[in-house]
Amino acid sequence: MSAIDLSGPSAARKIKDKVALVLVCVAFALALIPLVTVLWTVVKNGLKRFDVEFFTHSMNAIGGRDAGGGAYHAIIGTIEQVGLASVIAIPIGVLTAVYLVEYGGGGRLARVVTFFVDVMTGVPSIVAGLFIFAFWLKLLGFEYMGFAGSMSLSILMMPTVVRAAEEMLKLVPNDLREASFALGVPRWRTICFVVLPTAFTGIITGVMLAVARVMGETAPLLVTVFVTTAINNDPFKGPQMSLPLFIWDQAQLPQQVAIDRAWTGALTLILFIMLLNLAARLIARLRKPVSR
Amino acid sequence: MTSETLEQGATGALGGKARKMSTGRLGDRLFGLSAKGSGIVLLAIMAAIAVFLIVKALPALQSDKANFITSQEWNPDASPARFGIAQLAFGTVLSSVLALIIATPIAIGIALFIAFYAPRRLADGLGYVVDLLAAVPSIVYGLWGLQFFVPKMNHVADFLHGHASWIPLFGGDAVGGRCLLTAGIVLAIMILPIISSISREIFLQVPRPNVEAALALGATRWEVIRMAVLPFGRSGMISASMLGLGRALGETIAVALVLGSAAGISLHILKPGGNTFAANIANTFGMAGPNGQSALIASGLVLFVITLLVNMAARAVVARRKEFV
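As you go down the protein sequences, you meet chains R and H in turn. The numbering of the first sequence is the numbering used here, which starts it at 2 and goes up by one. The numbering of the second sequence is the numbering used here, which starts it at 4 and goes up by one.
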């Protein structure tokens with residue numbers, strides 16, 4: 002004779018619950034393994050060459066098996082190329098978001114744009130590079146240059162910027178717009194001086210994350226900018242090195258000195274990206290966008 | 004969805020006549036036009052990508068003496084040019100599917116952990132930690148994969164080959180670390196954050212009453228997840244993993260660094276070699292002649308179409324879900 006135990010779930014159900022708990026925790030732990038080992042190996046190996054020479058010298062006249070050399074030329078290139086990409090992508094991205102939120106109003110064009118912004122997020126980076134190669138280098142006949150890389154990076158940045166700006170503009174309370182309209186302020190001034198400033202910090206955060214994302218892109222630069230060992234300060238003329246390409250170039254050499262340089266390049270790149278990420282989070286925390 | 008309700012709020016308040024309201028001033032018209040123009044520029048870029056890839060791919064496709072779809076060779080600069088995408092397509096699909104099989108359960112586990120198991124105060128921080136995986140650039144994964152992970156995978160490959168070679172996937176004559184399985188695992192790491200962050204967002208949208216109803220029936224935590232959370236989030240999880248698949252298909256540099264360059268189609272995922280669309284472009288573009296570049300653009304076009312289809316399908320799943328909820 003057995004009485005039904007009503008004090009709690011049956012043993013089988015409890016075991017299932019515990020198994021699920023363990024599996025879920027294991028999943029999280031599994032994700033930490035690559036994160037920790039990536040950061041650990043990059044820091045450990047990168048510190049070997051994290052010296053003054055690395056940041057003040059280029060690879061000019063330094064062969065793969067020679068020690069020394071640095072990534073000065075690559076850092077210059079990355080900053081210029083990503084900067085130019087931002088100059089192209091941010092206005093277009095923010096204006097598109099303004100159109101979608103303030104003007105589009107769920108119309109046909111707005112829906113099509115929204116859809117293709119989503120699709121654009123999924124364009125493989127190498128395809129963006131091939132497009133610029135086909136258009137800028139082949140059709141228009143320009144040579145390899147940093148600016149070509151910037152254009153391909155800007156294609157990858159645009160959808161991210163649009164998404165971020167759109168989300169932030171939607172958070173701006175309508176009361177603000179209406180108050181401004183009621184005062185007789187034209188629409189464009191309302192947008193420029195009321196809506197955008199309100200959403201400003203949020204947009205900046207999104208933009209910085211987008212910049213951080215394209216900073217590590219290698220594939221499009223590979224087909225549009227090309228590799229060089231010398232310092233080239235002019236992004237509109239000739240091949241220009243960038244940090245991702247520097248790592249790509251050095252990592253494929255068999256010599257340990259080259260691999261060490263690649264690791265330090267990776268450490269530098271990750272530091273840049275982490276700084277941008279941290280700054281973005283700080284800005285986001287300093288002034289949260291007004292919400293209803 | 005928060006963004007959705009907000010959007011409805013914005014259009015609701017500004018909808019109808021207010022939308023069209025314009026003072027007709029020059030500044031207004033200029034600003035409105037430039038905003039609209041930016042949207043159109045975006046569309047034009049997407050169209051231009053398709054058009055230019057097609058135009059630049061055509062010369063190579065016409066010169067191709069082998070079957071572009073079924074041939075396994077890649078000699079576009081030889082005369083006569085002979086190349087086909089069979090091997091590239093195979094490697095791309097197999098490595099991405101492997102990545103998806105590995106990443107999806109883990110990513111959903113992570114999302115569940117952060118949404119339901121982790122202490123509330125830690126949840127945001129843990130989410131940020133997983134997002135950090137997405138912040139690491141692919142070139143760094145490539146370097147890590149080549150220098151750190153491949154040597155480790157050499158042992159794993161030997162072990163699997165030694166103990167489980169009766170499974171066809173693990174068979175083959177020679178095994179090594181620079182194989183499709185390694186590429187698949189590296190890709191899985193790279194798509195984890197996308198799948199888990201989208202799934203987490205979906206899980207957080209599960210209606211509170213559903214969860215409470217399950218709890219009221221005396222469900223354990225796992226039963227709540229199985230009865231209330233997973234059915235609600237199914238289409239969201241599907242579209243999340245398809246977005247991850249799209250990312251994996253197009254990933255270039257990490258795969259290019261990790262894979263060895265032996266050619267051929269083989270289901271033995273431990274065999275060194277294999278190639279993908281993107282990795283092939285990255286590895287051979289610098290040395291390619293004019294026809295070779297054109298052929299690589301043709302392969303890039305195929306990749307573009309495949310990722311486009313996968314992404315559109317993912318969006319369609321999301322859109323359908325919106326109608327039902």
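Cβ coordinates follow ideal geometry from the N, Cα and C atoms, glycine included.
Open item on the list: Contact criterion: CB-CB distance below 7 Å. Does H/F55 meet it with respect to chain R?
Closed with: Reading the second sequence from its first residue, position 52 is the one you call residue 55 of chain H. Closer than 7 Å to some Cβ of chain R, the Cβ of H/F55 qualifies, so yes.
Open item on the list: Spatial neighbours of H/A298 within its chain, please: C-beta separation below 6 Å, excluding the five flanking residues on both sides.
Closed with: Along the second sequence, one-based indexing puts residue 298 of chain H at 295. Once the five neighbours on either side are set aside, the close Cβ partners of H/A298 are A63, P79, F86.
Task: Element boundaries [alpha helix (DSSP H), containing R/L141] - done: Indexing the first sequence from 1 puts residue 141 of chain R at position 140. Unbroken run through R/L141: none, as it is neither H nor E.
- [ ] Mark R/N234 as exposed unless 16 or more other C-beta atoms lie within 10 angstroms of its C-beta, in which case mark it buried.
- [x] Your numbering for residue 234 of chain R matches position 233 in the first sequence. Residue environment for R/N234: exposed (fewer than 16 other C-beta atoms within 10 angstroms of its C-beta).
- [ ] Just grab the DSSP bridge partners of H/N78 for me.
- [x] Counting from one through the second sequence, the residue named residue 78 of chain H turns up at place 75. H/R85.
TODO: Determine, using beta-carbon pairs with one atom in the segment 50–67 of chain R and one in the segment 171–182 of chain R, whether at least three such pairs fall under 8 Å.
DONE: Under the Cβ criterion (8 Å, minimum of three pairs), the segment 50–67 of chain R does not count as touching the segment 171–182 of chain R.
TODO: Quick one: which unbroken alpha helix (DSSP H) runs of 4-plus residues sit fully inside the segment 111–148 of chain H? Chain order, please.
DONE: Listed in chain order, the alpha helix (DSSP H) runs fully inside the segment 111–148 of chain H are 123–138, 141–147, counting runs of at least 4 residues.
TODO: Could you list the residues in the segment 194–209 of chain R with a C-beta less than 8 Å from some C-beta on chain H, going in chain order?
DONE: Those would be none; no residue qualifies.
- [ ] Return yes when the Cβ of H/G236 is within less than 7 Å of the Cβ of H/I194, no when it is not.
- [x] As a working mapping, residue 194 of chain H is identified with position 191 in the second sequence. As a working mapping, residue 236 of chain H is identified with position 233 in the second sequence. For the 7 Å CB-CB criterion, H/I194 and H/G236 do not form a contact.
Task: Proximity test, Cβ basis, 7 Å: H/G276 and chain R - done: Counting from one through the second sequence, the residue named residue 276 of chain H turns up at place 273. By this cut-off, H/G276 is not an interface position.
Open item on the list: Please confirm whether R/I93 has its beta-carbon closer than 7 Å to some beta-carbon of chain H.
Closed with: For the purposes of this step, residue 93 of chain R is taken as the residue at position 92 of the first sequence. For R/I93, the nearest CB of chain H lies under 7 Å from its own CB, placing it at the interface with that chain.
Task: Nearest residue (CA-CA) to R/L36, options H/Y131, H/M49, H/D31, H/F173 - done: As a working note, residue 36 of chain R is residue 35 in the first sequence. Of H/Y131, H/M49, H/D31, H/F173, the residue nearest in Cα terms is H/Y131.
Task: 7 Å Cβ cutoff met for H/F206 and H/V232 - done: On the second sequence, residue 206 of chain H is found 203 positions in, with the first residue counted as 1. On the second sequence, residue 232 of chain H is found 229 positions in, with the first residue counted as 1. Yes, the Cβ-Cβ distance between H/F206 and H/V232 is below 7 Å.
Task: CA-to-CA distance, R/Q253 to R/A259, given in whole angstroms - done: As a working note, residue 259 of chain R is residue 258 in the first sequence. As a working note, residue 253 of chain R is residue 252 in the first sequence. In a straight line, the C-alpha of R/A259 is about 8 Å away from that of R/Q253.
Open item on the list: Below 8 Å on the Cβ atoms is my contact criterion, and I expect H/V332 with H/M245 to pass it. Report the Cβ-Cβ distance as a whole number of Å.
Closed with: There is no way to answer for residue 332 of chain H, as the model of chain H reaches only from 4 to 328.
- [ ] Name the residue from H/G30, H/P275, H/G112, H/V96 whose alpha carbon lies nearest to the alpha carbon of H/G249.
- [x] On the second sequence, position 246 is the one that residue 249 of chain H refers to. Checked all of H/G30, H/P275, H/G112, H/V96; the closest Cα to H/G249 is H/V96.
- [ ] Would you mind working out which of H/F288, H/G221, H/R323 sits nearest R/R14, comparing C-alpha positions?
- [x] Mapped onto the first sequence, residue 14 of chain R falls at position 13. By alpha-carbon distance to R/R14, the top candidate from H/F288, H/G221, H/R323 is H/G221.
Task: CB contact below 7 Å: H/A84 versus chain R - done: Numbered from 1 along the second sequence, position 81 holds the residue referred to as residue 84 of chain H. So, not an interface residue.
TODO: Look at R/Q241 and R/S151 and say whether their C-beta atoms are less than 7 Å apart.
DONE: If you number the first sequence from 1, residue 241 of chain R lands on position 240. If you number the first sequence from 1, residue 151 of chain R lands on position 150. No, the pair does not count as a contact, with Cβ atoms beyond the cut-off.
TODO: Classify H/A2 as buried or exposed, calling it buried when 16 or more other Cβ atoms lie within 10 Å of its own Cβ.
DONE: An answer regarding residue 2 of chain H cannot be provided, because it is not within the stretch 4 to 328 covered by chain H.
Task: CB contact flag (R/I156, R/A135, <7 Å) - done: For the purposes of this step, residue 156 of chain R is identified with residue 155 of the first sequence, where counting begins at 1. For the purposes of this step, residue 135 of chain R is identified with residue 134 of the first sequence, where counting begins at 1. Not in contact: R/I156 and R/A135 (Cβ atoms no closer than 7 Å).
Open item on the list: Quick check: the Cα distance between R/G147 and R/F247, rounded to an integer number of angstroms?
Closed with: The residue you call residue 147 of chain R lines up with position 146 of the first sequence. The residue you call residue 247 of chain R lines up with position 246 of the first sequence. Cα to Cα, R/G147 sits roughly 14 Å from R/F247.
- [ ] Run the CB neighbour count on H/Q65, radius 10 Å, all protein chains shown included, and call it buried at 16 or more, exposed below.
- [x] Sequence index remark: in the second sequence, residue 65 of chain H carries index 62 (1-based). Label assigned to H/Q65: exposed.
Open item on the list: Between R/K250 and chain H, is the shortest Cβ-Cβ distance under 7 Å, so that the two count as touching?
Closed with: Your numbering for residue 250 of chain R matches position 249 in the first sequence. For clarity, residue 250 of chain R is Asp in the given sequence; the question names Lys instead. Residue-level contact by beta carbon fails for R/D250 and chain H, as no gap is shorter than 7 Å.
Task: Coil, strand or helix - R/P125 by DSSP - done: As a first step, residue 125 of chain R is located in the first sequence; it is residue number 124 there, counting from the start. R/P125: coil per DSSP, three-state reduction.
TODO: Taking 7 Å as the cut-off, decide whether the C-beta atoms of H/M49 and R/F117 are in contact.
DONE: Position 46 of the second sequence holds residue 49 of chain H. Position 116 of the first sequence holds residue 117 of chain R. The Cβ-Cβ distance between H/M49 and R/F117 falls below 7 Å.
Open item on the list: Given this structure, state the Cα-to-Cα distance separating H/G179 from H/S98, to the nearest angstrom.
Closed with: Here the question's residue 179 of chain H lines up with position 176 in the second sequence. Here the question's residue 98 of chain H lines up with position 95 in the second sequence. Whole-angstrom Cα-Cα distance: 16 Å.
Task: Within chain H, the residues that R/M159 reaches when beta carbons sit closer than 7 Å - done: If you number the first sequence from 1, residue 159 of chain R lands on position 158. Those within 7 Å of R/M159 in chain H are L45.
- [ ] At 8 Å on the CB atoms, spell out the chain R contacts of H/M240, in chain order.
- [x] Reading the second sequence from its first residue, position 237 is the one you call residue 240 of chain H. Residues of chain R passing the Cβ test: none, with the nearest at roughly 14 Å.
TODO: Please decide whether R/N278 counts as near chain H, where near means a Cβ-Cβ distance under 7 Å.
DONE: Numbered from 1 along the first sequence, position 277 holds the residue referred to as residue 278 of chain R. With 7 Å as the cut-off, R/N278 counts as an interface residue toward chain H.
Task: Residue burial classification, R/S11 (beta-carbon count within 10 angstroms, cutoff 16) - done: As a first step, residue 11 of chain R is located in the first sequence; it is residue number 10 there, counting from the start. It is exposed - the Cβ of R/S11 has fewer than 16 other Cβ atoms within 10 Å.
Task: Entirely enclosed alpha helix (DSSP H) segments - the segment 145–177 of chain R, minimum 4 residues - done: Correct list: 147–172.
TODO: Could you tell me whether the Cβ of H/Y286 comes closer than 7 Å to any Cβ of chain R?
DONE: Looking up residue 286 of chain H in the second sequence gives position 283. The sequence given here has Asn at residue 286 of chain H, not Tyr. It does not: the Cβ of H/N286 has no partner Cβ on chain R nearer than 7 Å.
Open item on the list: Pairs of beta-carbons, one from the segment 100–109 of chain R and one from the segment 33–48 of chain H, closer than 8 Å: are there three or more?
Closed with: Verdict: yes, contact present.
Task: Short CB-CB distance (under 7 Å) between R/R286 and chain H - done: For the purposes of this step, residue 286 of chain R is taken as residue 285 along the first sequence, with counting starting at 1. It does not; no Cβ of chain H falls within 7 Å.
- [ ] Using a Cβ-Cβ cut-off of 7 Å, state whether R/D261 counts as contacting chain H.
- [x] Translated into the one-based positions of the first sequence, residue 261 of chain R becomes position 260. It does not; no Cβ of chain H falls within 7 Å.
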